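Participant: Dumping the structure here so I can ask a few things about it.
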Amino acid sequence: MSILSSSVFPSCQSKPRHHFPPLRPTTTPPNNFLSSRTFITSRNLTCPKIKLSVAASFVLHDDWPQLLQLSIGSRDYKLGLSIHAFLIKLGSHNETFQGNNLINLYSKFNKLNDAQRVFDEMTMRNTITWTSLMNGYSQNNSDAEAVFTIACNMHRLGEDFSGHTCTVILQACESARDQKVGEQVHSLVIKSGFEESLVVGTSLLSMYLRSGSLASAENVFRNLDDKDIQCLNSMISGYGKEGDGQKSFQLFCDLLNYGLEPSDCTFTSVLSSSGGKIGVREGKQLHGLTVKIGVVNEISVGNALITLYGKYGLVEEAEKMFFGMTERILVTWTALLSVYVKNSEGKKAISGFLEMLHLGISVDTNCLATFIDACSECRNLKLGIQIHGFVTKLGYFSDLFIGTALIDLYAKCGNLSYAKLVFSSLAVQNTAGFNAILAGYMKIDEGEGEKDEYMFLFHQARLSGVEPDFVTFSRLIGLSAEQASLVKGMALHGYSIKVGLENEIILGNALVSMYAKCGEVEDSRRMFYTMVCHDLVSWNSLISGCALHGQGEEVLLLFEEMRRRRFIPDEITVLSVLKACSHSGLFEVGIHLFWNMESKFKIKPAIEHYACMVDLLGRSGSSSKAMEFIKESAFSESPLLWRTLINTSNLHGDVNISTLASKHLLELVPDDAGSYILISNMYAGGGMFSDAARVRTLMNNRKMKKDAGCSWIEIENKVHRFFASGEDHQKSKEIYEKLDELRYLMKEKLHPDIVSLQTWDK
1 MSILSSSVFP
11 SCQSKPRHHF
21 PPLRPTTTPP
31 NNFLSSRTFI
41 TSRNLTCPKI
51 KLSVAASFVL
61 HDDWPQLLQL
71 SIGSRDYKLG
81 LSIHAFLIKL
91 GSHNETFQGN
101 NLINLYSKFN
111 KLNDAQRVFD
121 EMTMRNTITW
131 TSLMNGYSQN
141 NSDAEAVFTI
151 ACNMHRLGED
161 FSGHTCTVIL
171 QACESARDQK
181 VGEQVHSLVI
191 KSGFEESLVV
201 GTSLLSMYLR
211 SGSLASAENV
221 FRNLDDKDIQ
231 CLNSMISGYG
241 KEGDGQKSFQ
251 LFCDLLNYGL
261 EPSDCTFTSV
271 LSSSGGKIGV
281 REGKQLHGLT
291 VKIGVVNEIS
301 VGNALITLYG
311 KYGLVEEAEK
321 MFFGMTERIL
331 VTWTALLSVY
341 VKNSEGKKAI
351 SGFLEMLHLG
361 ISVDTNCLAT
371 FIDACSECRN
381 LKLGIQIHGF
391 VTKLGYFSDL
401 FIGTALIDLY
411 AKCGNLSYAK
421 LVFSSLAVQN
431 TAGFNAILAG
441 YMKIDEGEGE
451 KDEYMFLFHQ
461 ARLSGVEPDF
471 VTFSRLIGLS
481 AEQASLVKGM
491 ALHGYSIKVG
501 LENEIILGNA
511 LVSMYAKCGE
521 VEDSRRMFYT
531 MVCHDLVSWN
541 SLISGCALHG
551 QGEEVLLLFE
561 EMRRRRFIPD
571 EITVLSVLKA
581 CSHSGLFEVG
591 IHLFWNMESK
601 FKIKPAIEHY
611 ACMVDLLGRS
621 GSSSKAMEFI
631 KESAFSESPL
641 LWRTLINTSN
651 LHGDVNISTL
661 ASKHLLELVP
671 DDAGSYILIS
681 NMYAGGGMFS
691 DAARVRTLMN
701 NRKMKKDAGC
711 SWIEIENKVH
721 RFFASGEDHQ
731 KSKEIYEKLD
741 ELRYLMKEKL
751 HPDIVSLQTW
761 DK
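The sequence shown begins at 1 in our numbering and counts up one residue at a time.
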């Protein structure tokens, strides 16, 4: 049934068929009909047949283009075709004005061949004709070369370029990120005299920024005499995306000095800029300015503020921003969920996601990936498996971001078999997914043989086309360091140089640590000083490496050198220095550092620092002072401190302190097998074998067992593991025979008391 009003078109409802008068090129519409412009702009036409029939009766010659525009605006391709047919019947389809509109029509509906045919059949073309055709190719994702070829033909035939023509060509280059063609168009812009045009200049800016050529964009920007808000927004966004947040913020300040009022796009760009000057103070000032100007309720601004507050750990501020927004879309919810995940508030992220589903908000792949990250942060494997099934049901399983998030989930939850299964099922196996698997391997205990697979997996990933990055190499090298596998570490070092990653600071730090853990301190030091630049982690890696090998004097020299270079020590630095002092006999230096670390470096001692202090006092022969220190400390109930005291007391044969410390330890952890083993070995070390046996009997009565000790060695690129009293190794018979031989030699050559020491770690 037609929705045409009967008062306007009474005949449309009274007759089943419509007979309209023949077409006539009249300039005056019949009196009994609405004017053609009223008819076209009424937009109340729904039936293509009625629309065209009525239009044919009275539409003026000059109004056909407006009817074409109506067909484009209403996405009515059939109406457009019908109009084209009537224009052919009228004989006006080849007219320039009509042809231009027909090119636009076909371009809008992705019918480039038809648009090209209309163009070819036109007898007269103008600048708009050429520009319309180029715009059609650009809008339909044709390569920039094709658009530029049309422009060259236009220039060859002597047609004049307009600023809009140049803008259309540049937009095509921007979409294709084709800087080479864009530079040719830039030359054409200069030749045509449009280099000072603000519109063309802004298009040039966007093209260069999209192509990643910030220097060329800056050159265009400097040469523009007039700059509007859109031009400044492009440049601010460009600086932000290139990681130059300082220039982005400075340009924003210049914008205010120019007397221009920033738009919501301006605030979004400057708030989202990375690696720059936007701290908490500046962020809050910008927040206040958005309120003053009245753009704070714009969704993009609100999302940027939520992300900024989350970046600096201000979760409550992010929540206030979220709940204060007048409109919240999916991107807004996703921004808040990301804030929760990045600030270890996974449970809140899960609750927020469930609230979204309750409100009926449709989720996308980014939101689902963020939710999976929340499950990973909470180590909630059960919920993660449920969301895995959910995304599979939605058909998102092949999505790269979701696949990578699932790999990270299973790896963090210790289910590496599932992580590898998801990775192998990805349509495109990517670097991020493989890096997540490696992170999972780094969490495996060294005693588990599965950890040895990492190099094999790396070779398999390379065969699958995965390109390793600096994160890949840093994790592989970290795994090699854990196994003290110098051969693998050196091989990975060479490979990283081959692929051009030798200047990556994170990779350099991993190599410094690896060489030190593999016993090559000089190589570790050499690696450190060949690095292009250093950060605090670099210094910590070298200092901890030297501390590991008891080079206390060297550690102190490095510590002073680090401070001279204006690096501020953190808790890890101080901990490494304290350990070095303890193991090198620099007791006074270590004790002085502990008592001054808070006042001098603003570092509050943690439990690990207290344990080092106990070790320093105990090794210096002041076990009684160490005990008093523990009792007066904030960590007097910590088993770690009492275990440390037992170990240091044993070094000096202070049985009384060891015995008292043992009583405190068992009061704190009465069911800890490791503590009983420590006390048993303490008695055995002091020759009190009956007491040691008594402790062992007590363990057996309580059915307490300790995991067997594990050690390993790499021979011919293969890691061999040995467990206490274990017989799993293929050469265990030969190993025990050699052990018996060594015991006999020890009994013959050394003091008999050494031989009498029993291995209690069974």
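We put the CB at the ideal spot given by N, CA and C, even for glycine. In this text the structure is predicted, and so the values were computed from the model without any measurement.
Taking the straight line between their C-alpha atoms, what separation do you get for V363 and M356?
Facilitator: Each residue's Cα considered, the two are about 8 Å apart.
Participant: For L409, collect the residues of the same chain with a Cβ closer than 6 Å to its Cβ; drop the 5 residues on either side in sequence, then sort them by chain order.
Facilitator: Cβ within range, chain order: I372, C375, S376 and G384.
Participant: Could you tell me the boundaries of the alpha helix (DSSP H) in which D764 lies?
Facilitator: Absent from the structure is residue 764, since the part of the chain shown begins at 1 and ends at 762.
Participant: Let's see if you can read the secondary structure: which residues bound the alpha helix (DSSP H) around I603?
Facilitator: I603 -> no alpha helix (DSSP H), and no H or E assigned at all.
Participant: Are the segment 551-565 and the segment 502-518 touching by the rule of at least three beta carbon pairs closer than 8 Å?
Facilitator: No: fewer than three Cβ pairs fall under 8 Å.
Participant: Is the beta carbon of V301 sitting closer than 8 Å to the one on F252?
Facilitator: It is not a contact, given that the beta carbons lie outside the stated cut-off.
Participant: Strictly by DSSP, which residues pair up with F722?
Facilitator: DSSP lists S711 as partners of F722.
Participant: What's the C-alpha gap between G433 and G545?
Facilitator: Their Cα atoms are separated by approximately 30 Å.
Participant: So, is S590 buried or exposed, given that buried needs 16 or more other C-beta atoms within 10 angstroms?
Facilitator: The displayed chain sequence assigns Gly, not Ser, to residue 590. With 16 or more Cβ atoms within 10 Å of its Cβ, G590 is classed as buried.
Participant: Output the distance between the C-alpha atoms of S162 and F458, rounded to the nearest integer angstrom.
Facilitator: Distance between the alpha carbons of S162 and F458 is about 56 Å.
Participant: Would you identify the three-state DSSP class for T326, choosing helix, strand or coil?
Facilitator: DSSP places T326 in coil when its eight states are reduced to three.
Participant: Nearest-angstrom Cα distance between I299 and L645?
Facilitator: Roughly 59 Å between the two C-alpha positions.
Participant: Which residues in the same chain have their Cβ closer than 7 Å to the Cβ of H164, if we skip the five residues on either side of it in sequence?
Facilitator: Excluding residues within five positions, the ones whose Cβ falls inside 7 Å are T131.
Participant: From the DSSP output, in three-state form, read off K393 for me.
Facilitator: Helix.
Participant: Quick one: what's got a C-beta closer than 8 Å to N32's C-beta in the same chain, skipping five residues either side?
Facilitator: Bear in mind that the predicted position of N32 carries a pLDDT of just 40, short of 50, making it too unreliable to give a figure here.
Participant: Could you name the residues of the same chain whose beta carbon sits closer than 6 Å to that of V54, not counting the 5 residues immediately before and after it, in chain order?
Facilitator: With a pLDDT of only 49 at V54, under the threshold of 50, the placement of this residue in the model should not be trusted, and no figure is reported.
Participant: To the nearest angstrom, report how far apart A427 and F390 are at their CA atoms.
Facilitator: Distance between the alpha carbons of A427 and F390: 19 Å.
Participant: Run through DSSP, which three-state label would D452 get?
Facilitator: Note: D452 maps to helix in three-state DSSP.
Participant: Give every residue of the same chain whose Cβ lies closer than 6 Å to the Cβ of S633, excluding the five residues on either side of it in the sequence, and list them in chain order.
Facilitator: Cβ within range, chain order: Y610.
Participant: Considering only the beta carbon of each residue, do T96 and M122 sit closer than 8 Å?
Facilitator: Result yes, Cβ atoms of T96 and M122 sit closer than 8 Å.
Participant: Roughly how many whole angstroms lie between the Cα atoms of N297 and Q139?
Facilitator: Roughly 32 Å between the two C-alpha positions.
Participant: Which one of A484, V291 and Y258 has the shortest CA to CA distance from H720?
Facilitator: Nearest C-alpha to H720: A484.
Participant: Label K180 either buried or exposed according to how many other C-beta atoms from any shown protein chain fall within 10 Å of its C-beta, with 16 as the threshold for buried.
Facilitator: Counting Cβ neighbours within 10 Å, K180 comes out exposed, since fewer than 16 surround it.
Participant: Which residue wins for smallest C-alpha separation from V200, given the options G212, G182, S211 and L214?
Facilitator: Here the closest residue by C-alpha is G182.
Participant: Take E317 and list the residues in its own chain whose beta-carbon comes closer than 6 Å to its own, dropping the five residues that flank it on each side.
Facilitator: Answer for E317: Y309, listed in chain order.
Participant: Which class does N113 belong to by DSSP, given the choice of helix, strand or coil?
Facilitator: N113: helix per DSSP, three-state reduction.
Participant: What first and last residue would you give for the alpha helix (DSSP H) that runs through V295?
Facilitator: Unbroken run through V295: none, as it is neither H nor E.
Participant: Mind checking which residues open and close the alpha helix (DSSP H) that includes D244?
Facilitator: Where D244 is concerned, there is no enclosing alpha helix (DSSP H), given that its DSSP letter is neither H nor E.
Participant: Mark D671 as exposed unless 16 or more other C-beta atoms lie within 10 angstroms of its C-beta, in which case mark it buried.
Facilitator: D671 should be labelled exposed.
Participant: How many angstroms separate the CA atom of T573 from the CA atom of S474?
Facilitator: Each residue's Cα considered, the two are about 21 Å apart.
Participant: Smallest Cα separation from S263: which of F559, S237, Y208 and G279?
Facilitator: S263 has its Cα closest to that of S237, out of F559, S237, Y208 and G279.
Participant: In whole angstroms, what separates the C-alpha of S107 from that of F528?
Facilitator: Going by the C-alpha atoms only, they are around 60 Å apart.
Participant: By how many angstroms is the C-alpha of K731 removed from the C-alpha of E522?
Facilitator: Their backbone Cα atoms lie some 35 Å apart in a straight line.
Participant: CB-CB under 6 Å to G508, same chain, minus the five flanking residues each way: which ones, in chain order?
Facilitator: M531, listed in sequence order.
Participant: Report yes or no: do three or more beta-carbon pairs, one from the segment 167-174 and one from the segment 196-213, lie closer than 8 Å?
Facilitator: Result yes; three or more Cβ-Cβ pairs closer than 8 Å.
Participant: May I have the straight-line CA-CA distance separating N257 from G283, to the nearest angstrom?
Facilitator: So the alpha carbons of these two residues sit roughly 19 Å apart.
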